[in-house]
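636 is the number that the working numbering gives to position 46 of the sequence shown; each next residue is one higher, with no gaps. Note that the Cβ used here is the ideal one computed from N, Cα and C, for glycine as well.
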Amino acid sequence: MTIIISPQDSTPLYAQIVEQMKRQIADGTLQADEQLPSIRNLAKQLEVSVITTKRAYEELEKEGLIYSVHGRGSFVQAQTNYVKTEWLRLAFEQKCEALIQEGRALGLSNEEMLDMLRIYIEEET
Numbered sequence: 591m592t593i594i595i596s597p598q599d600s601t602p603l604y605a606q607i608v609e610q611m612k613r614q615i616a617d618g619t620l621q622a623d624e625q626l627p628s629i630r631n632l633a634k635q636l637e638v639s640v641i642t643t644k645r646a647y648e649e650l651e652k653e654g655l656i657y658s659v660h661g662r663g664s665f666v667q668a669q670t671n672y673v674k675t676e677w678l679r680l681a682f683e684q685k686c687e688a689l690i691q692e693g694r695a696l697g698l699s700n701e702e703m704l705d706m707l708r709i710y711i712e713e714e715t
């Protein structure tokens with residue numbers, strides 16, 4: 591499991607951890623029943639507060655993506671293909687939103703952005 595957090599990002603640190611772990615669960619990097627680092631070890635690895643990693647794990651558990659076994663640690667919850675597909679689709683939508691914002695910041699019109707997208711789609715087929 592690789593998590594890279596950025597203190598410069600406006601997204602809270604715990605949310606950065608959550609989003610990266612969600613992505614890794616969705617794409618299969620983190621497998622069902624795989625044990626996750628302890629809250630303390632992950633905090634040390636990422637150089638963040640234990641409270642930050644605890645909050646991230648609590649959020650993931652609340653969303654049904656991980657589960658905890660008292661005295662043993664936290665593990666990846668098995669996900670259906672539907673759930674994985676939905677997470678990947680959500681990640682794609684977020685990337686699209688970011689690209690649209692970037693295009694608007696550059697002064698591109700909707701039509702210009704759509705034209706660029708069509709060109710890339712046609713090149714792939």
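Beta-carbon proximity check, residue i vs residue j, cutoff 8 Å
i, j, result
"residue 600", "residue 626", "no"
"residue 629", "residue 643", "yes"
Residue i in three-state terms, based on DSSP
i, result
"residue 594", "coil"
"residue 693", "helix"
"residue 621", "coil"
"residue 659", "strand"
Alpha carbon of residue i to alpha carbon of residue j, nearest angstrom
i, j, result
"residue 616", "residue 608", "12 Å"
"residue 656", "residue 701", "42 Å"
"residue 678", "residue 661", "32 Å"
"residue 685", "residue 612", "15 Å"
"residue 676", "residue 668", "15 Å"
"residue 633", "residue 602", "14 Å"
"residue 645", "residue 605", "9 Å"
"residue 705", "residue 692", "15 Å"
Cβ neighbour criterion (16 or more within 10 Å) applied to residue i
i, result
"residue 638", "buried"
"residue 652", "exposed"
For residue j and residue i, believed in contact at Cβ under 8 Å, the rounded distance
i, j, result
"residue 673", "residue 621", "14 Å between Cβ atoms; not a contact."
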